[in-house]
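*Asks:* Before I ask anything, let me first share the structure, which is written out below as structure tokens.
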Amino acid sequence: MKEHSHASIVCGPYCRFYKPGKEEMACAGLLFFQKRWSEEQLRGLCAKLSPMAWNGSEDESLSATLCRLCEFRIDGCGFREGEADSPPCGGYILLELLLRQGLLQPDDL
Ligand code: SF4
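Under my numbering, the sequence shown is numbered contiguously, ending at residue 111.
Spelled out as structure tokens, the structure:
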């Protein structure tokens, strides 16, 4: 249940590819949040976020922190493969927004 709750916070609002009930196929973007914060902590953190579109400005850091470790990186992530109009996963987008709004620091990764 815990993992599903995280998915509802991270993937539901931020991931175009999210399919409820398929949480066992977690990418590194979701696993990152599952390992570091409880559901309650994560909801509190996200409640402080202001609406903002992702822009890829933290890609160097996020590529090393998330994508390098992700099982979907090869043959599973259109964004990482450079496909046009293929956004990153919800975890990548959420982490980028938290960094850009100063709610997380690079040292927190
Ligand atoms: S953007 Fe793609 S490769 Fe990077 S963590 Fe998300 S699913 Fe994995």
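The C-beta atom is built at its ideal place from N, Cα and C for all residues, glycine as well.
Please classify G46: is it buried, with 16 or more other beta-carbons within 10 angstroms of its beta-carbon, or exposed?
*Replies:* Under this definition G46 is an exposed residue.
*Asks:* Does at least one heavy atom of ligand 1 sit under 8 Å from the Cβ of G104?
*Replies:* It does not: the Cβ of G104 is nowhere closer than 8 Å to a heavy atom of ligand 1.
*Asks:* Q107 by DSSP, collapsed to three states: which one?
*Replies:* Q107 falls in the coil class under three-state DSSP.
*Asks:* Sorted by chain position, which residues of the same chain lie with C-beta nearer than 8 Å to T67's C-beta, five sequence neighbours on each side aside?
*Replies:* Correct list, in chain order: F34, L97, L111.
*Asks:* Near C72, which residues of its chain fall below 6 Å by C-beta distance, leaving aside the five closest residues on each side in sequence?
*Replies:* Excluding residues within five positions, the ones whose Cβ falls inside 6 Å are C29, A30.
*Asks:* Tell me whether M3 is buried or exposed, calling it buried when 16 or more other Cβ atoms sit within 10 Å of its Cβ.
*Replies:* Because the pLDDT at M3 is just 45, under 50, the model does not fix this residue reliably, and the value given afterwards should be weighed accordingly. Exposed is the call here.
*Asks:* Given that a residue counts as buried once 16 or more other Cβ atoms are within 10 Å of its Cβ, and exposed if not, what is P9?
*Replies:* Per the sequence shown, residue 9 should be read as Ala rather than Pro. Buried, by the Cβ-count rule.
*Asks:* Identify whether L71 lies in helix, strand or coil by the three-state DSSP scheme.
*Replies:* In the structure shown, L71 sits in a helix (DSSP, three-state: H, G or I).
*Asks:* With a cut-off of 8 Å on the beta carbons, I'd call S59 and R102 a contact; round off their distance for me.
*Replies:* The Cβ separation is near 7 Å, so the contact holds.
*Asks:* For G92, which of G104, G84, W56 has the nearest alpha-carbon?
*Replies:* Closest by alpha carbon: W56.
*Asks:* On the DSSP letters alone, give me the boundaries of the alpha helix (DSSP H) that G31 sits inside.
*Replies:* Segment 30-38, the alpha helix (DSSP H) holding G31.
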